[in-house]
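These notes concern the structure reproduced below.
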Amino acid sequence: MLLAEDCYGNYVVQFVIKMKFPLVNERMIRELCGKFVRLSMNKHASNVVEDLMRCSNQDDVNAIVEELIRSTDFLNVIQDPYGNYVAQRALKCTKGYLRRKLSFTIRSYRNELQNHPHGKLVLDNAKSSKR
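Sequential numbering of the sequence shown, starting at 1, is according to UniProt numbering.
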């Protein structure tokens with residue numbers, strides 16, 4: 001976890017993730033479970049979360065996204081300068097029911113997001129992903 005948040009260490013973690021060893025990525029996700037909200041709002045660790053969603057199997061991606069959606073801080077993630085990219089990546093990496101659930105959850109914050117500089121981007125992506 002410390003490496004994921006470090007300004008240089010996050011590059012090492014991203015390199016390992018991009019090697020796409022399923023067992024390694026699964027282990028990393030287990031270790032970071034419960035911390036994805038905080039990591040998503042960290043300048044360096046948000047890239048790690050995005051890469052985990054991009055390079056992991058669908059079940060692991062779903063676990064990350066479910067953790068984000070269930071958090072009482074999900075709106076803060078969407079509005080965060082770094083977290084909004086994680087939310088947009090989640091929209092791209094989810095499928096089926098979970099994508100619809102994610103899109104619906106984001107759209108439920110429409111009033112808070114429509115005039116927010118970061119939130120508006122996520123809201124626009126959620127609107128287009130429901131099609």
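Beta carbons are placed, not taken as given, at the ideal position from N, Cα and C, and that holds for glycine.
1. Considering only residues of the same chain and omitting the five flanking positions on each side of S129, which have a CB-CB separation below 6 Å?
2. What are the boundary residues of the alpha helix (DSSP H) that M28 is part of?
3. Around the Cβ of S108, are there at least 16 other Cβ atoms within 10 angstroms (buried) or fewer (exposed)?
4. Distance check for Q58 and P81, CA to CA, integer angstroms please.
5. Throw me the rounded Cβ distance for the M28 and L2 pair, which I believe falls under 8 Å.
6. Pick helix, strand or coil for F18, following the three-state DSSP scheme.
With the structure as the only source:
1. In the sequence shown, residue 129 corresponds to position 129, counting from 1. Around S129: L91 and S103.
2. As a working mapping, residue 28 is identified with position 28 in the sequence shown. Element bounds for M28: P22 to L32.
3. Mapped onto the sequence shown, residue 108 falls at position 108. Looking at its Cβ environment, which holds fewer than 16 other Cβ atoms inside 10 Å, S108 is exposed.
4. Residue numbering aside, residue 81 sits at position 81 when the sequence shown is read from its first letter. Residue numbering aside, residue 58 sits at position 58 when the sequence shown is read from its first letter. Answer to the nearest angstrom: the Cα atoms are 26 Å apart.
5. For the purposes of this step, residue 28 is identified with residue 28 of the sequence shown, where counting begins at 1. For the purposes of this step, residue 2 is identified with residue 2 of the sequence shown, where counting begins at 1. That belief does not hold up - the Cβ atoms of M28 and L2 are roughly 13 Å apart, past 8 Å.
6. Counting from one through the sequence shown, the residue named residue 18 turns up at place 18. The sequence shown places Lys at residue 18, not Phe. Of the three classes helix, strand and coil, the one that applies to K18 here is helix, per DSSP.
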